[in-house]
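For reference, the structure discussed in these notes is given below.
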Amino acid sequence: MTPQHPERGAGAKPTDDTRSADGPRSAGATGSAEGARSAGAADSAGGAKSTDGTVSAGGTRSAGGTSSTGVTRSARGSGRMLLRPVKAVAALWILPVAAVVWELVTRQAGNQFFPPPSDIAKRMHTDWFSGPASHAFLTKQAMDNIFPSLGRLLLGWALACLLGIAIGIAAGRSERLADYLSPLIHFFRAIPPPTLVPIFIVLFKIGTQMQVATIVFGVIWPVLLNAMDGARSVDQVKLETARAFRLSRTTRVLQVILPASAPKIFAGLRLSLSTALILMVISELVGSTNGIGYLQMLAQGTTDVPGVWEGIVLLGLLGFALNAIFLLVERRALAWHRSGLV
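Each residue of the sequence shown is one higher than the last, beginning at 3 in our numbering.
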């Protein structure tokens, strides 16, 4: 008796693989004369080869041999870069909300020592931003006080950054130097900079030099400590590779140590920038003839409450603007670090 074969499903393989006259396999499992698989036998996961030997879309290679996944990732990265400014602007919605809440609360309280922001804005416009268009609408009072303050702030911050990075890199790469400097660093950074203002007045006299010295002394420590930490954490493989290629010490510092330490150095620079703004005001409260701190002292001495508040708001706006500019520079300078190209 002939055994009965069970019926096969529609997708089952036939008992005899029929071939055409030229010998290729039939559709469903056949290949062409060149050995390429047909579309019917392509992998359902989306990663099978097409008839021209390329890999179909689904995370595989394209016809040119390039990775479609890489192209997709680059496109997504470009889209994210374009959306960053939009997200940054959208995140500022909290500022007008806070201003409205401030206005309502101060109007309801009616306290003369806490004027509403609308009154402060009017005072700021009258004192600082009602000048001619040729001067960017800045008044003479603004130009005589805001720009000198910014000049002293940036000069002191730049000097502190240069000294802090240079000393920090040297101490971070030399254990003996770090042992000598560590007691001095921890001693002096514990001293509040305002307490040294009288000493700086004796050393540099009243003026710009004293103010810049106050800023440098208070700002240098976060930069120096972060630079030391960054220099110590440089990958030894990179240093050994640089020595194997017989790179000079200057080249190793500029092309190996500094780039590897840059993320931590930038963290110290950001902290020092806000400290520099505070010390700029403190240094202008003593013996100064211009600057934002000088105007704050005059307003306080004459019980000019709106004048005090307009200085406070201006300092907040300056701090916000400086931080935004610094973050933009940091994002561009450390783009290699964020993308993982270490």
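Glycine included, every Cβ here is placed at the ideal spot set by N, Cα and C. Computed from a predicted model, the values in this text were never measured in an experiment.
What are the boundary residues of the alpha helix (DSSP H) that includes residue i?
i: S132; result: It is not in any alpha helix (DSSP H) - S132 carries neither H nor E in the DSSP assignment.
i: Q114; result: Segment: none, Q114 is in no alpha helix (DSSP H) and carries neither H nor E.
i: P194; result: P194 -> no alpha helix (DSSP H), and no H or E assigned at all.
i: P118; result: That residue, P118, is in no alpha helix (DSSP H); it is neither H nor E in DSSP.
i: K240; result: 238 to 246
i: G318; result: 307 to 335
i: T252; result: 251 to 254
Can you look up residue i in the DSSP assignment and give me helix, strand or coil?
i: A233; result: helix
i: N292; result: coil
i: A44; result: Below a pLDDT of 50, predicted positions are generally treated as unreliable, and A44, at 36, falls in that range; the measurement from the model is reported next regardless. Three-state DSSP puts A44 in coil, outside helix and strand.
i: A262; result: helix
i: K142; result: helix
i: I208; result: coil
i: S285; result: helix
i: S184; result: helix
i: T108; result: helix
i: T304; result: coil
i: W338; result: helix
i: S151; result: helix
By a C-beta neighbour count over all protein chains shown, 10 Å radius and 16 as the cutoff for buried, is residue i buried or exposed?
i: N374; result: Because residue 374 is not part of the residues shown, which for the chain are 3 to 344, the question remains open.
i: V331; result: exposed
i: T304; result: exposed
i: A173; result: buried
i: I259; result: buried
i: R175; result: buried
i: K266; result: buried
i: S263; result: buried
Pull up the distance between the alpha-carbon of residue i and that of residue j, whole angstroms please.
i: I327; j: S151; result: 18 Å
i: F131; j: R154; result: 22 Å
i: Q298; j: L106; result: 26 Å
i: P117; j: G321; result: 22 Å
i: A101; j: P119; result: 7 Å
i: D146; j: W95; result: 33 Å
i: L218; j: Q110; result: First, the residue type needs correcting, since residue 218 is Val and not Leu in the sequence shown. About 43 Å.
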